[in-house]
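What follows is a single structure, written as structure tokens, with notes after it.
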Amino acid sequence: MVKNLKQELNSERLLRVAKEITPGSRVADIGTDHAYLPVYLIENQIASYVIGSEIAEGPLENGRANVAKAGLSKQIELRFGSGVETLTTDDHIDTITICGMGGKTIVSILAKGWEDGLLPVKELVLQPNTDEHLVRFWLTQHGYTITNESLLTERKGTYEIITAQYTEEVPTYSHLELRFGPFLLAEKSVEFQEKQQKELENYQRVYQKIPEGTAKANYIAQKIKELKEVLSC
374 MVKNLKQELN
384 SERLLRVAKE
394 ITPGSRVADI
404 GTDHAYLPVY
414 LIENQIASYV
424 IGSEIAEGPL
434 ENGRANVAKA
444 GLSKQIELRF
454 GSGVETLTTD
464 DHIDTITICG
474 MGGKTIVSIL
484 AKGWEDGLLP
494 VKELVLQPNT
504 DEHLVRFWLT
514 QHGYTITNES
524 LLTERKGTYE
534 IITAQYTEEV
544 PTYSHLELRF
554 GPFLLAEKSV
564 EFQEKQQKEL
574 ENYQRVYQKI
584 PEGTAKANYI
594 AQKIKELKEV
604 LSC
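Numbering (my numbering), first residue to last: 374 to 606.
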């Protein structure tokens, strides 16, 4: 049986995701890959039932083998398909996790689920690799309140984990809070500052190569201004 997710995945990221899930939830793990997260959630009595969705047949078959090896086939169901399209309202999902995808992809998955009536669910735990601000904007426009954010560095990348609860309210966040994250901006951890410093340096390098006065130059100049503002506070 899989007892140590960190050893199996070498992934502090997914451990952080697991810790965000409300105990006893029925969970849908979108892009479940080898199903390590579902196995961990059941093994550690965090989830009562997990549905894993995966679009790649190879990882899905490996996931099924891992679930069978752990003896958890009655509590974990793996389905082949894209996004939340593998789910039905009869699944009674409380929490959806989506990890390791770009922010635009995560938003498109959530939007399709919303359109198809599969969302809202009570809780979303999301780990976008890019465009985190797009994820936050979608959440706030669809009745979700961000309840926690964390930041960690793993395998030369720095990742954000965003947890949100469905409250039917439209939270009011500033532009900077949507871009950088209300919790992350308030905490301003060392990892947060290092991430923004790297982004600032990247924008500055690009800005030097673009003709002044162009729309792209003005856009990048605004990003540089915001980053300097955040780093100077």
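Glycine included, every Cβ here is placed at the ideal spot set by N, Cα and C.
ask   = Where does the unbroken beta strand (DSSP E) through residue 550 begin, and where does it stop?
value = Unbroken run through residue 550 is the alpha helix (DSSP H), 548 to 553; no beta strand (DSSP E).
inquiry  = Buried or exposed for residue 376, going by 16 or more other Cβ atoms inside 10 Å?
reply    = Confidence is the limiting factor: at residue 376 the pLDDT is only 47, short of 50, which leaves the residue's position unreliable and the question unanswerable from this model.
key: Candidates 552, 473 and 407: closest to residue 607 by CA position   = It is not possible to answer for residue 607, since the shown part of the chain is limited to 374 through 606.
key: DSSP state of residue 440 mapped onto helix, strand, coil   = helix
ask   = For the candidate residues 521, 526 and 566, whose alpha-carbon lies nearest to that of residue 394?
value = 521
Reduced DSSP secondary structure (H/G/I, E/B, other) of residue 570 = helix
message = List, from N- to C-terminal side, the beta strand (DSSP E) runs of 3 residues or more that fit wholly inside the region 455 to 523.
response = 468 to 474 and 496 to 501
request  = Please classify residue 429: does DSSP put it in a helix, a strand, or coil?
outcome  = coil
message = Within a Cβ cutoff of 7 Å, which residues of the same chain sit near residue 437, ignoring the five residues on either side of it in sequence?
response = 451
query = Pick from 443, 431, 429 and 430: whose alpha carbon is nearest that of residue 410?
reply = 443
Under 8 Å between C-beta atoms of residue 470 and residue 498 = yes
inquiry  = As a quick exercise: from 423, 503, 463 and 458, pick the residue whose alpha carbon is nearest that of residue 489.
reply    = 458
request  = Ignore the nearest five residues each way along the sequence and tell me which others in residue 513's own chain have a CB closer than 8 Å to its CB.
outcome  = 519, 543, 544, 546 and 551
message = Below 8 Å, how does it come out for the region 558 to 568 and the region 577 to 591: are there three or more Cβ pairs, yes or no?
response = no
key: residue 398 - partner residues in DSSP beta bridges   = 420
Contact under 8 Å by Cβ, residue 476 with residue 503 = yes
query = What are the partner residues of residue 586, as DSSP defines its beta bridges?
reply = Its beta-bridge partners do not exist; DSSP assigns none.
task = Along the alpha helix (DSSP H) that carries residue 391, what are the first and last residues, could you check?
result = 385 to 393
request  = Pick helix, strand or coil for residue 537, following the three-state DSSP scheme.
outcome  = strand
task = Within its chain, find whatever has a CB closer than 7 Å to the CB of residue 526; leave out the 5 residues flanking it on each side and keep chain order.
result = 564
request  = Determine the contact status of residue 414 and residue 408, defining contact as a CB-CB distance below 8 Å.
outcome  = no
ask   = So what does DSSP say about residue 604, is it helix, strand or coil?
value = helix
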